[in-house]
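>
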Amino acid sequence: MRDVAGAVVPGVKVTLAATSGTLSKNTVTTDDNGVAYAKLTDTAAENVTVTATTPFDTKGKTASVTFKADAASAKIYALTADKDVAVDNGKDAITFTTVVRDVAGAVVPGVKVTLAATSGTLSKNTVTTDDNGVAYAKLTDTAAENVTVTATTPFDTKGKTASVTFKADAASAKIYALTADKEYSTDQIAFTAQVKDKSNQNIPNENVYISSSSGFLSSRSKKTDKNGIVRFTLTDDVLEEITVQVRTNFDIYGKTKVVHFSPFVGEVTLRRWNDQCHTMHRTPIKLDRDDITIKLDSTPVPNCGNRPIEELNWSLAPDLNIIASSGNVFVNENKVSCDNGVGDNIITVRRGSKTIMKFTISCN
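The sequence shown lines up with residues 21 to 384 when you count with this note's numbering.
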């Protein structure tokens, strides 16, 4: 402090004011050398102007200083996502915002932040905070799954984590597969349909619509389970071929499968004996409609108890009845043979009073 002549002035009270921060003293008194001291601290990264005045110099003088963030104590203050759920189409991105502050709570610019994700694809694995101590990165995925993102700095190796979910793309839901536990049945066939999106991910809770050309379906509409699967059954009690179709709202054609219902369990074969009473060969026979005529050679085999040289072998479901139109054939649940002469015979297979199928055996 000096007077107008330039001489130092001791004992003068000086008032100090700061635009921010904390002064050690707001009023100081000059010493014998006309000097007074005060300290300024701050917990924010900012510019601060200090003004010194006296009762005789109300304008006084100003000085400006800068407080910068303490990079050595920079920590991840927050890691947030702009949404919790996105679609797994590789395009729907979740934006992660990282905020870095020092121990005093001041934002820290220019800090390199390392990002890591348990799955998916990050737009950047290293980002640098801007003037506001903020850095951004985006995450996409092509799988339906939960993903955890971790942000760390060289001074904060533990950092922060945030978890998000990618769900299957229902807008691209398609029937991926339709399978049956068997193609031929006497009564019931179990089906499994699976729904996936275009990224080949299973889609849960999706409506699947089921139809058939005949028979009785256990359900006409079902929602997929957590694995994108629906299961249903088709029953029938007549000889016929049935087409089953499954579809979704986004896959109107879906997939189809053709199955067959028959009173036979397993394969139907024409068996031919040789003169040593050994099976010479078996020929598969397809009994899949009512208008079939099967010719059997009734020539007896002398060394085989005079049994007919040919017979039809099958295995009928146990709840079925077999009726022959004449007595020149032998028929039971295992076979048909021309034991009693030649001629045509209509074989009728019934379940209760309902006719399942009819076909003709022609004994030659």
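All residues carry an ideal CB built from backbone N, CA and C; glycine is no exception.
1) Skipping 5 residues on each side, what residues in its chain have a beta carbon closer than 7 Å to that of T368?
2) On the CB-based measure, 16 or more other CB atoms within 10 Å of its CB, does R302 come out buried or exposed?
3) Would you say T168 and T134 are within 8 Å of each other, going by their C-beta atoms?
4) May I ask you to report which of helix, strand or coil DSSP gives S318?
5) Rounded to whole angstroms, what is the Cα-Cα separation between P322 and I366?
6) What ranges does the alpha helix (DSSP H) occupy inside the region 81-113, keeping only unbroken runs of at least 4 residues that lie completely in it?
7) In the DSSP assignment, find the beta strand (DSSP E) that holds K355 and state where it starts and stops.
8) Any idea if S205 is buried or exposed, counting beta-carbon neighbours within 10 angstroms, 16 or more meaning buried?
9) Closest to I381 by C-alpha separation, out of R240, T313, S318, N333, would be which residue?
10) Is DSSP giving G383 helix, strand or coil here?
11) If I measure Cβ to Cβ from S44 and keep anything under 7 Å in the same chain, skipping five residues before and after, which residues do I get?
12) Consult DSSP for A337 and reduce its assignment to one of helix, strand or coil.
13) Under the assumption that V278 contacts E261 (Cβ atoms under 8 Å), give the Cβ distance between them as a whole number of angstroms.
14) Compare the Cα-Cα distances from T117 to each of K202, T149, V351 and report the closest residue.
15) Using the beta-carbon count (16 or more within 10 Å), is E203 buried or exposed?
16) Check whether the region 105-117 and the region 88-97 touch, using three or more Cβ-Cβ pairs below 8 Å as the test.
17) Going by Cα to Cα distance, which pick from S282, G140, V68, D90 is closest to L340?
18) Between N294, V349, A337, D245, which lies nearest to K315 when the distance is taken from Cα to Cα?
19) Please name the residue or residues paired with N227 in a DSSP beta bridge.
20) Between which two residues does the beta strand (DSSP E) carrying V288 extend?
21) Quick check: the region 160-167 against the region 180-188, are there 3 or more CB pairs under 8 Å?
22) Pick helix, strand or coil for S232, following the three-state DSSP scheme.
23) Whole angstroms is fine: what's the gap from I114's alpha carbon to V34's?
24) Any idea what DSSP makes of S373, helix, strand or coil?
25) What is the rounded straight-line gap between the Cα of V64 and the Cα of Y156?
26) By Cβ distance below 6 Å, which residues in the same chain neighbour G80 in space, the five residues on each side in sequence not counted?
27) So the beta strand (DSSP E) T50 belongs to, where does it begin and stop?
28) Any chance the region 223-234 sits against the region 173-183, with 3 or more Cβ pairs inside 8 Å?
29) So, under 8 Å CB-CB, N333 and K355 are touching, yes? Tell me the CB distance rounded to an integer number of Å.
30) In whole angstroms, what separates the C-alpha of L159 from that of D217?
31) Quick check on DSSP: helix, strand or coil for S183?
32) Helix, strand or coil for A191, going by three-state DSSP, please let me know.
33) Under the rule that 16 or more other beta-carbon atoms within 10 Å means buried, what is G372, buried or exposed?
34) Is A182 closer than 8 Å to A124 when the C-beta atoms are compared?
35) Can you give me the C-alpha to C-alpha distance between T82 and A91, rounded to a whole angstrom?
36) Whose C-beta lies closer than 6 Å to the C-beta of L142 among residues of the same chain, with five residues either side of it excluded?
So, to answer that:
1) So the qualifying residues of the chain are I343, T375, K378.
2) exposed
3) no
4) coil
5) 28 Å
6) The region 81-113 contains no whole alpha helix (DSSP H) run of 4 or more residues.
7) 355-357 is the extent of the beta strand (DSSP E) around K355.
8) buried
9) Residue T313 is the option with its Cα nearest to I381.
10) Rather than Gly, the amino acid found at residue 383 in this sequence is Cys. Strand, per DSSP.
11) A58, K59
12) coil
13) 6 Å
14) T149
15) exposed
16) No: the two stretches stay apart, fewer than three of their Cβ pairs being nearer than 8 Å.
17) S282
18) V349
19) Partner(s): K243.
20) 288-293
21) yes
22) strand
23) 56 Å
24) coil
25) As written in the sequence, residue 64 is Ala, which differs from the Val given in the question. In a straight line, the C-alpha of A64 is about 23 Å away from that of Y156.
26) Around G80: T71, A72, T73.
27) No beta strand (DSSP E) holds T50; DSSP gives it neither H nor E.
28) no
29) 5 Å
30) 19 Å
31) strand
32) helix
33) By the Cβ-count criterion, G372 is exposed, with fewer than 16 other Cβ atoms from all chains shown falling within 10 Å of its own Cβ.
34) no
35) 28 Å
36) Answer for L142: L135, A157, L159, listed in chain order.
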